[in-house]
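Engineer: My questions all concern the structure below.
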Amino acid sequence: MTGATGRRAGRGRAARIAGVAGLPELRGRGRFVVAHVIDSIGNGLLLPLGLLFFITVRHIPAATAGAAASTGQLAALPLTALAGRIMDRAGPKYLAVASNLVCAAGFAGFLVAERPWQIAAAYFTVQAGINGYYTSQRSLTLLVAAGDEPRTWFAFTSSLRNTGLAAGAAIAAAALALWGTGALTALVVADAASYCLAATLFATLNVASGRPNAPPGRTTWSIDRRYLALVLCNLPYVFAQAILSVLLALYATSALRLSAWSASVLLLVNTVAVALTATAVTAHLAPRAARHAVSVAYAVLALSMAAFAAPALPGLRPLAWPALAVGIVLFTVGEILCSPAMAELSTTLGPAAARGSHQALFQMSWSVGGAAAPVLFTVLLHRSSLLPWAFEAILCVLAALAVLPLVPSGSAFPSSRPRRKRTR
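Heads up, the sequence shown is in this note's numbering, so the first residue is 28 and it goes up one at a time.
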């Protein structure tokens, strides 16, 4: 076998493996992939440890630090609308660059923040950058995916994000295990640097600008009812994501009397499964129409809520672990089906001329829902161990029905690459 023949055979095998795994075409998109992973590593590296930094390194009382952090994060919510307007004017690429630089500045602010108002300002800056980035991220992915199925790319970026978050969390855990809380300052510096690196990579992407040509005299904040319905349909998914971080540990320890590490094990299973299987499931098993995939996902998520709730019923507590195992498997399947399909709907349901404003509104559902979930689920759990699961299951069933009439317009950003022909 000659060298040229061997290389062609190698490329053929790689293409077949990529096809089975559901991977998109990655040639020419390496910088986007690396930038996305670095941004996710930055999230996993320090976001869960920010309060620990101020409590142990700055010696701020926990209640004071927590109140300052919440104040800063909530104050940043209105800036999501500004991010949408910036994206409509400059395009998602430049919003992604600016947002990562804002995150870097916010984490750099951790190094000098010593008073409550300074902590609030640092968290305000970080949250503003995060909201801006996620306002741009889905539309930027659509640009990068030009010529490919967008949902394949949304599934792939979901896998990348889970991988990056896990890697960041692992790096932070290893640093803390080796050097104790004294490593937190170094982690803050590394996190700020990672966002600067991600911004540099995003700035050098070779993609179309994505700047829409809005009709003269037309406001970008003319949101139609279908898109508002989509935003409402996304809230049950936002609450479902919050269940893993907010509700599951409290439920497992207080209602089921399980060890505190049980929720971490379930979260690890979910994270690894999404990272390894999201692209393949989306490519080969998910319904072709995005709204159908979301509807099926919500039905599966409703079943997962029933499985999670089952051990709280009289006489079923001995079955806690099997029920939780079934619940996390169903939850993971629902997440894999819902996340890329919902992202596709969010970018195709609204008009291209106002995509930034629509993405800002869609991102607000994540911000507001994420802020409301801790209070909502803790109050419901205090009243009854079954109530939060029943509440979320009902929301999922309603969303499964409400999303079906939402037919996308099929609009997309201008392509920077010719559409590839599919071959058998």
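Even glycine gets a Cβ: it sits at the ideal position worked out from N, Cα and C.
1) Compare the beta carbon distance of residue 376 and residue 254 with 8 Å and say whether it is the shorter of the two.
2) According to the neighbour-count rule (16 or more other Cβ atoms, all chains shown, within 10 Å of its Cβ), is residue 158 buried or exposed?
3) Closest to residue 64 by CA distance: which of 79, 193, 92 and 90 is it?
4) Let's test the definition: count the other Cβ atoms within 10 Å of the Cβ of residue 231 and tell me whether it reaches 16, buried, or not, exposed.
5) Starting from residue 406, follow the alpha helix (DSSP H) in both directions and report where the run begins and ends.
6) Helix, strand or coil, according to DSSP, for residue 413 in the structure here?
7) What is the DSSP secondary structure of residue 462, counted as helix, strand or coil?
8) When we look at the beta-carbon of residue 419 and count the other beta-carbons within 10 Å, is it buried (16 or more) or exposed?
9) Does the beta-carbon of residue 311 have 16 or more other beta-carbons within 10 angstroms, so that it is buried, or is it exposed?
10) Assess, as a yes-or-no matter, whether the segment 316-333 is touched by the segment 410-426 under the definition of 3 or more beta carbon pairs within less than 8 Å.
11) For residue 364, tell me which candidate among 321, 219 and 83 has the shortest Cα-Cα distance.
12) Could you check what DSSP says for residue 431 in three-state terms: helix, strand or coil?
13) State the Cα-Cα distance for the pair residue 58 and residue 99, rounded to the nearest angstrom.
14) Using the three-state DSSP reduction, which class does residue 242 fall into: helix, strand or coil?
15) For residue 371, which of 359, 430 and 271 has the nearest alpha-carbon?
16) Can you give me the C-alpha to C-alpha distance between residue 68 and residue 342, rounded to a whole angstrom?
17) Quick one, are the C-beta atoms of residue 339 and residue 282 less than 8 Å apart?
18) Excluding the five sequence neighbours on either side, which residues of its own chain have a C-beta within less than 6 Å of the C-beta of residue 450, listed in chain order?
19) Whose CA, out of 140, 169, 256 and 122, lies closest to the CA of residue 162?
20) From residue 200 to residue 234, what distance separates their C-alpha atoms?
21) For the segment 42-89, list the alpha helix (DSSP H) runs that are entirely contained and at least 4 residues long, ordered along the chain.
22) Can we say the segment 101-120 touches the segment 196-212, given the rule of at least three CB pairs closer than 8 Å?
23) Quick one: is residue 4 buried, meaning 16 or more other Cβ sit within 10 Å of its Cβ, or exposed?
24) Tell me which residues share the same chain as residue 414 and place their Cβ nearer than 8 Å to its Cβ, disregarding the 5 neighbours each side in the sequence.
25) Can you give the Cα-Cα distance for residue 71 and residue 188, rounded to whole angstroms?
26) Suppose you measure from the CA of residue 126 to the CA of residue 289; what does that come to, to the nearest Å?
27) Closer than 8 Å is the cut-off here; do at least three beta carbon pairs connect the segment 389-399 with the segment 287-306?
28) Look up residue 142 in the DSSP assignment and say whether it is helix, strand or coil.
29) Could you check where the alpha helix (DSSP H) with residue 334 kicks off and where it finishes?
30) Where does residue 233 fall in DSSP's three states?
31) Quick check on residue 141: buried or exposed, where buried means 16 or more other Cβ atoms within 10 Å of its Cβ?
32) Since residue 306 contacts residue 49 with CB under 8 Å, what's their CB separation in whole angstroms?
33) Taking only three categories from DSSP, how would you classify residue 103?
34) In its own chain, which residues sit with a C-beta less than 8 Å from the C-beta of residue 265, not counting the 5 before and 5 after it?
35) Distance, Cα to Cα, residue 106 vs residue 251?
36) How big is the Cα-Cα spacing for residue 259 and residue 204?
Structural biologist: According to the structure shown:
1) Taking the first residue of the sequence shown as position 1, residue 376 is located at position 349. Taking the first residue of the sequence shown as position 1, residue 254 is located at position 227. Yes, Cβ-Cβ distance for residue 376 and residue 254 is below 8 Å.
2) The residue given as residue 158 occupies position 131 in the sequence shown. Residue 158 should be labelled buried.
3) Residue 64 sits at position 37 when you count from the first residue of the sequence shown. Among 79, 193, 92 and 90, the Cα nearest to that of residue 64 is on 193.
4) Position 204 of the sequence shown holds residue 231. Exposed.
5) In the sequence shown, counting from the first residue as 1, residue 406 sits at position 379. Residue 406 -> alpha helix (DSSP H) spans 382-410.
6) Taking the first residue of the sequence shown as 1, we reach residue 413 at position 386. Looking at residue 413 - three-state DSSP - the assignment turns out to be coil, as it is neither helix nor strand.
7) Outside the shown range of the chain, which is 28 to 451, sits residue 462, and nothing can be said about it.
8) Along the sequence shown, read from residue 1 onward, the residue named residue 419 stands at position 392. By the neighbour-count rule (16 or more Cβ atoms within 10 Å), residue 419 is buried.
9) As a first step, residue 311 must be located in the sequence shown, where it is residue number 284. By the 10 Å Cβ count, residue 311 comes out exposed.
10) yes
11) Numbered from its first residue, the sequence shown carries residue 364 at position 337. Out of 321, 219 and 83, 321 has the C-alpha closest to the C-alpha of residue 364.
12) Here the question's residue 431 lines up with position 404 in the sequence shown. Here residue 431 sits in coil by DSSP.
13) In the sequence shown, counting from the first residue as 1, residue 58 sits at position 31. In the sequence shown, counting from the first residue as 1, residue 99 sits at position 72. So the two alpha carbons sit approximately 32 Å from each other.
14) By one-based count along the sequence shown, residue 242 stands at place 215. Here the model assigns residue 242 a pLDDT of 44, short of 50, so the residue's position is not dependable, and the following value carries that caveat. Here residue 242 sits in coil by DSSP.
15) Start at 1 with the first residue of the sequence shown, and residue 371 comes out as number 344. The candidate whose alpha carbon is nearest that of residue 371 is 430.
16) Indexing the sequence shown from 1 puts residue 68 at position 41. Indexing the sequence shown from 1 puts residue 342 at position 315. Roughly 43 Å between the two C-alpha positions.
17) Position 312 of the sequence shown, counting from 1, holds the residue named residue 339. Position 255 of the sequence shown, counting from 1, holds the residue named residue 282. In this structure, residue 282 lies closer than 8 Å to residue 339 by Cβ.
18) Start at 1 with the first residue of the sequence shown, and residue 450 comes out as number 423. The pLDDT assigned to residue 450 is 39, lower than 50, so where the model puts this residue is not dependable, and the model offers no usable value.
19) Residue 162 sits at position 135 when you count from the first residue of the sequence shown. The shortest C-alpha separation from residue 162 is found at 122.
20) Looking up residue 200 in the sequence shown gives position 173. Looking up residue 234 in the sequence shown gives position 207. Each residue's alpha carbon lies about 36 Å from the other.
21) 57-73 and 77-83
22) no
23) A question about residue 4 goes unanswered here, because the residues of the chain that appear run from 28 up to 451.
24) Along the sequence shown, read from residue 1 onward, the residue named residue 414 stands at position 387. Closer than 8 Å at Cβ, skipping near neighbours: 407 and 408.
25) Mapped onto the sequence shown, residue 71 falls at position 44. Mapped onto the sequence shown, residue 188 falls at position 161. Rounded to the nearest angstrom, the two C-alpha atoms are 9 Å apart.
26) Translated into positions along the sequence shown, residue 126 becomes position 99. Translated into positions along the sequence shown, residue 289 becomes position 262. Roughly 35 Å separates the two Cα atoms.
27) no
28) Taking the first residue of the sequence shown as 1, we reach residue 142 at position 115. Coil at residue 142, not helix or strand.
29) The residue given as residue 334 occupies position 307 in the sequence shown. Taken as a continuous stretch (DSSP letters only), the alpha helix (DSSP H) holding residue 334 covers 317-336.
30) Position 206 of the sequence shown, counted from the first residue, corresponds to residue 233. Coil.
31) Counted from its first residue, the sequence shown places residue 141 at position 114. Per the 10 Å Cβ criterion, exposed.
32) Taking the first residue of the sequence shown as 1, we reach residue 306 at position 279. Taking the first residue of the sequence shown as 1, we reach residue 49 at position 22. Sure, about 4 Å apart at Cβ, within 8 Å.
33) Residue 103 sits at position 76 when you count from the first residue of the sequence shown. If DSSP states are grouped into helix, strand and coil, residue 103 belongs with coil.
34) Here residue 265 corresponds to residue number 238 of the sequence shown, with the count starting at 1. Excluding sequence neighbours, residue 265 sits near 392, 393, 396, 397 and 400.
35) Numbered from its first residue, the sequence shown carries residue 106 at position 79. Numbered from its first residue, the sequence shown carries residue 251 at position 224. Distance between the alpha carbons of residue 106 and residue 251: 21 Å.
36) Stepping through the sequence shown from its first residue, residue 259 is reached at position 232. Stepping through the sequence shown from its first residue, residue 204 is reached at position 177. Rounded to the nearest angstrom, the two C-alpha atoms are 42 Å apart.
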